[in-house]
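Notes to accompany the following structure.
Residue numbers (our numbering): 29 to 551.
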């Protein structure tokens, strides 16, 4: 008897419907076709044992299973449950009446319990798009899948429950989640706050500008000056995620298997901080079974690289393309996947190998050559893509000993949100897909060259100042664009419609690493 069940394969961030065709005939062999990997082929032993431990026997017949489309590679263990239900249905142990109405995914334990899978959210999106009535997933995945409305999502604990569901011997209720209400009622709470930071007002200002315009930023200063502490508090001043951004971010983390059992939506902007030993694959994504990397997990949030020169230079260079295009395409011999990568890049570094070059209280033991080699670990093209270069000094004892807390994150965040609202209004008239790669423009950092001429054209005085800076610092054309974008953000924070000379001057002040005399001067 031929039976069809339905599941899905996740490729990149999208899911593709897979039809599991199960046929029983005379004989004693087992065949599986459809480009299945080792984990899928091993499912036969898991299914046989799970069925036996739940009172069912594998049919004593020739069993042929085809996973269609046959030219799409099937990976992972999420095919266990649809395969088991197909085998039982072909042996008349499961009623076939409603099998065509549901997509089924899940990994089977040897005792018949269902184990969580990756990518439940994109699978649910595909199930709705294909007009399935419902989706059956392991209980641990039910909340993330249930955010997709107009789809009945059932979370099951065991193989027995799934059999009872299709046979109609037990009634189950689909998980109901009001996505919009859950999203808007979710209160953002941050454990880290800028009120804990004493002093460092100039660095706080740079972080505020970066948050207001979505700009990339690097902090340079001695050990213990507070670079990491400040960076970790950046999410507390970023504007809240929109519902569409939240769904997109949740989808990426779902595919990567990073969602906890009780999570339905990610409502806070991600903050990713990989160790300096991270590999290219871990950073940009890919692998034997393609997965999103750190830059995609930081989508709509912050990617923080502490001690930037300690990272392998070849790893850092892979950041150049996603920093420009805000997407990354991972191409290998057997696949090509596309991941979003629109993140704020924040980095920190010491000014020299010993960390104390230019520090007024510590003596630097590095030679100019050592300092230059240390700085050369970061390429010029990568520095060009960082909008703000911020120098930071250790806080004096007098500042540290103050009992009065600093300005809270909530106050800074209000100014950031006000500036972002100005930008949203500014770019609202642009057609959908007005940016690079057809993306919607959300903030000043994403402006194209044409938009710079429209929204950030400097006046005559500002242009003279900018020309002098370009000549003295030997800035590139890309650095010129970055200065204009940052100046536009500074003007937005000030509520100014036009970019004025004082805004340009502050933006130029954030290009410290463009100076050619770094190893010959004090900070």
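Glycine included, each C-beta is placed from N, C-alpha and C at the ideal position.
Name the DSSP bridge partner or partners of residue i?
i, result
"residue 94", "49 and 61"
"residue 304", "Note: residue 304 sits in no beta bridge, so no partner."
"residue 539", "417"
"residue 170", "Beta-bridge pairing links residue 170 to no other residue."
"residue 162", "130 and 180"
"residue 365", "358"
"residue 42", "39"
"residue 314", "319"
"residue 143", "135"
"residue 113", "Per DSSP, none; premise fails for residue 113."
"residue 325", "Residue 325 is not bridged to any residue."
"residue 31", "50"
"residue 14", "Examination of residue 14 is not possible in this model, given that the chain is present from 29 through 551 alone."
"residue 102", "64"
"residue 245", "374 and 416"
Using a Cβ-Cβ cutoff of less than 8 Å, which residues in the same chain neighbour residue i once the five nearest sequence positions on both sides are dropped?
i, result
"residue 282", "146, 147, 148, 149, 150 and 172"
"residue 394", "380, 381, 382, 385 and 402"
"residue 208", "271"
"residue 86", "75, 76, 79, 80 and 115"
My output table needs one value for residue i: the three-state DSSP class, helix, strand or coil.
i, result
"residue 417", "strand"
"residue 410", "helix"
"residue 389", "coil"
"residue 190", "helix"
"residue 294", "coil"
"residue 73", "helix"
"residue 524", "coil"
"residue 435", "coil"
"residue 136", "strand"
"residue 508", "helix"
"residue 150", "helix"
"residue 254", "coil"
"residue 377", "strand"
"residue 332", "strand"
"residue 344", "helix"
"residue 465", "In this predicted model, residue 465 has a pLDDT of only 49, less than 50, meaning its place in the structure is not dependable; the value taken from the coordinates is given anyway. Of the three classes helix, strand and coil, the one that applies to residue 465 here is helix, per DSSP."
"residue 56", "coil"
"residue 496", "helix"
"residue 262", "helix"
"residue 287", "coil"
"residue 371", "coil"
"residue 532", "helix"
"residue 299", "strand"
Could you tell me if residue i is buried or exposed, where buried requires 16 or more neighbouring beta carbons within 10 angstroms of its beta carbon?
i, result
"residue 212", "exposed"
"residue 232", "buried"
"residue 465", "With a pLDDT of 49 at residue 465, under the threshold of 50, the modelled position of this residue cannot be trusted; read the value that follows with caution. Under this definition residue 465 is an exposed residue."
"residue 138", "exposed"
"residue 158", "exposed"
"residue 178", "exposed"
"residue 249", "buried"
"residue 475", "buried"
"residue 126", "exposed"
"residue 169", "buried"
"residue 39", "buried"
"residue 439", "exposed"
"residue 277", "buried"
"residue 128", "exposed"
"residue 199", "exposed"
"residue 407", "exposed"
"residue 378", "buried"
"residue 536", "buried"
"residue 490", "buried"
"residue 98", "exposed"
Near residue i, what residues of its chain come up, given a Cβ to Cβ distance below 7 Å and the 5 sequence neighbours on each side ignored?
i, result
"residue 311", "302, 321, 322, 323, 343 and 346"
"residue 141", "185 and 186"
"residue 540", "417 and 419"
"residue 304", "335, 338 and 339"
"residue 326", "298, 300 and 371"
"residue 274", "211, 293, 294 and 295"
"residue 454", "483"
"residue 498", "508"
Beta-carbon within less than 6 Å of residue i's beta-carbon, same chain only, minus the 5 sequence neighbours each way: which residues are those?
i, result
"residue 118", "29, 31, 50 and 52"
"residue 240", "444, 447, 517 and 521"
"residue 218", "264"
"residue 153", "176"
"residue 414", "244 and 246"
"residue 387", "250"
"residue 553", "For the chain, the structure presents residues 29 to 551; residue 553 sits outside this window and is missing."
Report yes or no: do three or more beta-carbon pairs, one from the region 71-80 and one from the region 37-48, lie closer than 8 Å? no
Give a yes or no on contact between the region 57-70 and the region 97-107, applying the rule of three or more CB pairs nearer than 8 Å. yes
Could you say if the region 246-260 and the region 223-237 meet the contact criterion of at least three C-beta pairs nearer than 8 Å? yes
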